[in-house]
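A quick write-up on the structure given underneath.
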Amino acid sequence: METNQTSEGAAPTNETKSAYKYKVEEIDWTSLEKLNLNRALLEKNGQLDKLLKGYKSDGIYRIEGNFDGIVMKGDARLSLRKPKDSDQVVVMAHGVRLEPDLKNQFYGHVFTAEDKDNLKKTGNMGGLPNLQTI
Numbered sequence: 000m001e002t003n004q005t006s007e008g009a010a011p012t013n014e015t016k017s018a019y020k021y022k023v024e025e026i027d028w029t030s031l032e033k034l035n036l037n038r039a040l041l042e043k044n045g046q047l048d049k050l051l052k053g054y055k056s057d058g059i060y061r062i063e064g065n066f067d068g069i070v071m072k073g074d075a076r077l078s079l080r081k082p083k084d085s086d087q088v089v090v091m092a093h094g095v096r097l098e099p100d101l102k103n104q105f106y107g108h109v110f111t112a113e114d115k116d117n118l119k120k121t122g123n124m125g126g127l128p129n130l131q132t133i
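The C-terminal position of the sequence shown is numbered 133 in numbering that gives the first Met the number 0, with every residue numbered one higher than the one before it.
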């Protein structure tokens, strides 16, 4: 019978896989700074470790940026992603809405007072709307 023990009788050492999905040095810090964020802020808030492990940030960040004349401002959670055609890890900003926009139509559906109340209380409208494609 074959065993996986070393000559001293100790159990073999398994190579442990890194708990991190990304490396700090792979992050495109320049693009992060364009969003008005930086490494020091992420480290201070304890979010850099989560991002390197492949998770979204717990915290919501106010991001601002000017991208070729297009000004963007908003609240977002962050995550990291490595494009297939790149060696650098890029930052993904996932927009966050603090409250749903129920004043305007959604694909042709006008929200009734009952719809709005149900959505705010339970997150469920209570029925299926008839949506129209644009």
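All C-beta atoms in this analysis are idealised placements derived from N, C-alpha and C, irrespective of residue type, glycine included. Keep in mind it's a predicted model, so treat the numbers as computed, not measured.
Pick helix, strand or coil for G126, following the three-state DSSP scheme.
Taking the sequence shown and counting its residues from 1, the one referred to as residue 126 is at position 127. It is coil, neither helix nor strand.
Should the region 91 to 102 be called in touch with the region 63 to 78, which here means at least 3 C-beta pairs below 8 Å?
yes
Kindly say whether K20, judged by its beta-carbon, lies nearer than 8 Å to any beta-carbon of chain C.
Structure shown: chain C not included; a single protein chain is present.
Tell me whether F110 is buried or exposed, calling it buried when 16 or more other Cβ atoms sit within 10 Å of its Cβ.
Translated into the one-based positions of the sequence shown, residue 110 becomes position 111. F110 should be labelled buried.
Which of the three DSSP states is assigned to A18 in this structure?
The sequence position of residue 18 within the sequence shown is 19, counting from 1. Three-state DSSP puts A18 in coil, outside helix and strand.
What runs of the alpha helix (DSSP H), each 4 residues or longer, lie entirely inside the region 36 to 108?
38 to 43, 47 to 51
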